[in-house]
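Protein chains in written order, with the numbering used here: chain A, 16 to 349; chain B, 2 to 270. Here a beta-carbon is modelled for each residue, glycine too, at the ideal position from N, C-alpha and C.
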Amino acid sequence: MSDMAVPGGRAVWRGRPDAGQVATSAAPDIRRMLQLALAGVWLLDGVLQYQSFMFTKAFGQMLAATAPGNPGVIARPINWDARLIEHHVVVLNAIFATIQLLLGLGIACRPTVRAALGASIAWALAVWWFGEGLGGVLNGTASPVSGAPGAVILYALLAVLLWPTDRGATPVPFTAARAVGVQAARALWLVLWLSQAYFALLPANRAPQALNGMIGGMASGEPSWLAALDRNAAALTSHQGLAASIVLAIAFAAIAVGVYLPAPAARAAVVLAIVVAAVIWVVGQAFGGILAGGATDPNSGLLLILLALAYWPSRTGAVPRQSLAGHPAEGIPT
Amino acid sequence: MTIPAWILDIFAAVMLVVAAVSAARLVAARPWRRGRGAATADIDVAHLLMAIAMAGTLAASLRTLPNDAWDVIFAAATAWFAYHVARDARRVGIRALSGGHCAPHLVHSAAMLYMFVAVTAPAASAGSAMSGMAGSGMQTLRLPIVAFLFALVLIGYTIWDLDQLSGPGASGHYSLAARIAPAGAVAPALAGAESPAAAFSGLTSAGSPTSAGSTVATVPPPAEADQTAPRDPYPVSSGAGRLVLAPWVATSCRIAMGITMALMLIIMI
């Protein structure tokens, strides 16, 4: 198999039309790659929603459990929604799963990327309220280790930051700034990570055994190696809740201000964000509980990693339409 | 309570459609004539077998072969595509995994093999593992982390396929233009090639820069081109035959199978 040039600068691969060949298709830009990663997470979400557990009344009860502690105006719709789902769990859950599947496919399909991202924002906000009780933000139980401020709100944030538009033609310092501008993107990052620092210091999270209980509780139902990892991590944090909370809060604060620093320091802050998010995802969230069955999503750790990648310092900007494989008229901004 | 049977039946029906399309592609391509169809026969056969196996797993009434037979079939398919991926890797390196077209089939075959080998039968119905998921919600897979990793890779390939299928920079296997216009007219035009054989050989992004910033544009000697060009690139003359042989059809089948396979892996964790 070899490649050959043809008139018009087009390159073709010789050999089998669909097998045994390597196509060097247009390498998507970073934003498109992150959009595809987001699409993959939505697709995974949809597949998880088809699990047998979701077709039982336990699904409605799980949603109802997010209501207590929230203000009445927030809690009442959650309870109503949970009752509705308990009564029609099969049909409604099948619809929910299909919607999430379609959101993933829609983001992956270029002509529908805008519509799918827009729909994903609306869907994520609805799930954040009706499915996650606003991530426990208002009832004092939010913990960055367990997924605060709610994994699904991070889907919406990513959709906004990865929106296929460019504010201005000049290169921006990181991908997330392309759609909303540098200042707005930095402000969103600051708010997110400072809120994580705040949640880490909440009384419920700085109690001596808070982190120990949270991590230890994830071991149930997990494969033996992951359960052992969780148990060991829990043992390390036994009676160290306050110290662990302070360390986490300092790390989150450093990450938050990192994007305002010069590129090398900003890069270090993003690396720290990725490392902290990865540790939280594996140890604190056990991959969202997927391996134990019954997970509704991969939880926040994976989304935080994607978000951090969108803030990786690199001069980036609008992709000239001419660069899209020499098809100026076909350029679909992604 | 398990997953409602009607949901699994829908996915099983999709797999039957994939099986029918793959069978139609095999018939239309007439691989025994050593034309273009011979070059893609392995993929169509793999799609056909996987779709039948998955349909039988999703709906017990569609079960065809015993598990042991599927073990052997998918072990052979895995070995076959592994050989092709290794051969591609020797030629182009890691790109054989990211841009090659045997790598996804290798993952699909290996995932099927894993599913049939790693499934644990419910205690009450030992011996009937993988004979339909409805009503057998206790079916699980050993080494769930492997199932999770397979599901992630399958989702990754599915997303990538869909992006390439709908992208303006993509062509050849993924070309939407090839879907819209008659294949015989579009393939050479897309490639700007001098012959249908060259066009049908599969295009890369037209003039697009590679990740290294250079463009793949090496002209082989005419003699080599003659030797490697299929002798009979258009064995089918009918419009239906051309439609079913369009590259986007095979890619669409792969997308449908990727989603269904990921679903099966996740719900059996």
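Nearest chain B C-beta to residue i closer than 7 Å, yes or no?
{"i": "R246/A", "result": "no"}
{"i": "P343/A", "result": "For P343/A, the predicted structure reports a pLDDT of 34, less than 50, and the residue's modelled location is therefore unreliable. A value from the coordinates is still provided. So no, P343/A is outside the interface."}
{"i": "R125/A", "result": "yes"}
{"i": "S67/A", "result": "yes"}
{"i": "A73/A", "result": "no"}
{"i": "V62/A", "result": "yes"}
{"i": "I305/A", "result": "yes"}
{"i": "L51/A", "result": "yes"}
{"i": "G308/A", "result": "yes"}
{"i": "S329/A", "result": "no"}
{"i": "P238/A", "result": "yes"}
{"i": "L319/A", "result": "no"}
{"i": "G276/A", "result": "Checking the sequence, you will find Leu at residue 276/A rather than Gly. Cβ-Cβ to chain B under 7 Å: no for L276/A."}
{"i": "A109/A", "result": "yes"}
{"i": "Q36/A", "result": "Residue placement at Q36/A is poorly supported in this model, since its pLDDT is 41, which falls under 50; the coordinates are not used for a value here."}
{"i": "A54/A", "result": "yes"}
{"i": "L59/A", "result": "yes"}
{"i": "V294/A", "result": "no"}
{"i": "V105/A", "result": "yes"}
What does DSSP give as the partner residues of residue i in its beta bridges?
{"i": "L142/B", "result": "V120/B"}
{"i": "V262/A", "result": "According to DSSP, V262/A bridges with nothing at all."}
Please name the residue in the options whose C-alpha comes closest to that of residue i.
{"i": "H254/A", "options": "E237/A, P279/A, M233/A, N220/A", "result": "N220/A"}
{"i": "L319/A", "options": "P159/A, S235/A, G61/A", "result": "P159/A"}
{"i": "G352/A", "options": "G168/B, G242/B, F149/B, M258/B", "result": "The structure shown does not extend to residue 352/A, since chain A is modelled only from 16 through 349, so no value can be given for it."}
{"i": "A292/A", "options": "A281/A, A307/A, N314/A", "result": "N314/A"}
{"i": "W81/B", "options": "I11/B, V147/B, I44/B", "result": "I44/B"}
{"i": "L144/B", "options": "V154/B, Y115/B, D164/B, I160/B", "result": "Y115/B"}
{"i": "A76/B", "options": "I270/B, V147/B, L50/B, I95/B", "result": "L50/B"}
{"i": "A263/B", "options": "I45/A, D44/A, R47/A, L59/A", "result": "L59/A"}
{"i": "V15/B", "options": "I4/B, W33/B, P32/B, A54/B", "result": "A54/B"}
{"i": "P179/A", "options": "Y65/A, R129/A, A199/A", "result": "R129/A"}
{"i": "L244/A", "options": "V88/A, G299/A, H103/A, Y65/A", "result": "G299/A"}
{"i": "L321/A", "options": "L176/A, A269/A, V142/A, W143/A", "result": "L176/A"}
{"i": "I4/B", "options": "A258/A, A112/A, P328/A", "result": "A112/A"}
Any C-beta of chain A sitting closer than 7 Å to the C-beta of residue i?
{"i": "T3/B", "result": "yes"}
{"i": "G240/B", "result": "no"}
{"i": "D164/B", "result": "yes"}
{"i": "S167/B", "result": "yes"}
{"i": "G157/B", "result": "yes"}
{"i": "A111/B", "result": "no"}
{"i": "A56/B", "result": "no"}
{"i": "L264/B", "result": "yes"}
{"i": "P105/B", "result": "no"}
{"i": "V18/B", "result": "no"}
{"i": "P32/B", "result": "no"}
{"i": "I11/B", "result": "no"}
{"i": "F117/B", "result": "no"}
{"i": "I8/B", "result": "yes"}
{"i": "A14/B", "result": "no"}
{"i": "I160/B", "result": "yes"}
{"i": "F149/B", "result": "yes"}
{"i": "I270/B", "result": "yes"}
{"i": "I267/B", "result": "yes"}
Would you mind giving the Cβ-Cβ distance between residue i and residue j, rounded to the nearest angstrom? I have them listed as a contact below 8 Å.
{"i": "A323/A", "j": "I289/A", "result": "5 Å"}
{"i": "A112/B", "j": "L142/B", "result": "Actually they are not in contact, since the Cβ atoms of A112/B and L142/B sit about 11 Å apart, beyond 8 Å."}
{"i": "A212/A", "j": "A271/A", "result": "7 Å"}
{"i": "V108/B", "j": "V147/B", "result": "Actually they do not touch by this definition, with Cβ atoms about 12 Å apart."}
{"i": "F68/A", "j": "G309/A", "result": "4 Å"}
{"i": "D312/A", "j": "L140/A", "result": "Between L140/A and D312/A the Cβ distance is about 15 Å, and since that is not below 8 Å, they are no contact."}
{"i": "I160/B", "j": "A123/A", "result": "4 Å"}
Please indicate yes or no: does the CB of residue i lie closer than 6 Å to some heavy atom of the ligand HEM?
{"i": "E101/A", "result": "Annotation note on the ligand HEM: not contained in the displayed structure, which lists no ligands."}
The stretch 117-133 of chain A touching the stretch 142-150 of chain A, judged by at least three CB pairs closer than 8 Å: no
Inter-stretch contact at 8 Å, needing at least 3 Cβ pairs: the stretch 197-208 of chain A / the stretch 57-77 of chain A: no
Cβ pair count under 8 Å reaching 3, the stretch 214-228 of chain A against the stretch 183-202 of chain A: Contact between the stretch 214-228 of chain A and the stretch 183-202 of chain A is absent, because fewer than three Cβ pairs lie under 8 Å.
Inter-stretch contact (C-beta, 8 Å, three-pair minimum) for the stretch 246-255 of chain B and the stretch 43-51 of chain A: Result no; under three Cβ-Cβ pairs closer than 8 Å.
contact_flag[the stretch 75-89 of chain A, the stretch 99-109 of chain A] where n(CB pairs < 8 Å) is 3 or more: yes
Any 3 or more C-beta pairs closer than 8 Å across the stretch 49-61 of chain B and the stretch 8-16 of chain B: The stretch 49-61 of chain B, when compared against the stretch 8-16 of chain B, does touch it at the 8 Å Cβ threshold.
Segment contact flag, the stretch 159-171 of chain A with the stretch 130-142 of chain A, C-beta cutoff 8 Å, min 3 pairs: yes
Inter-stretch contact at 8 Å, needing at least 3 Cβ pairs: the stretch 221-239 of chain A / the stretch 268-286 of chain A: no
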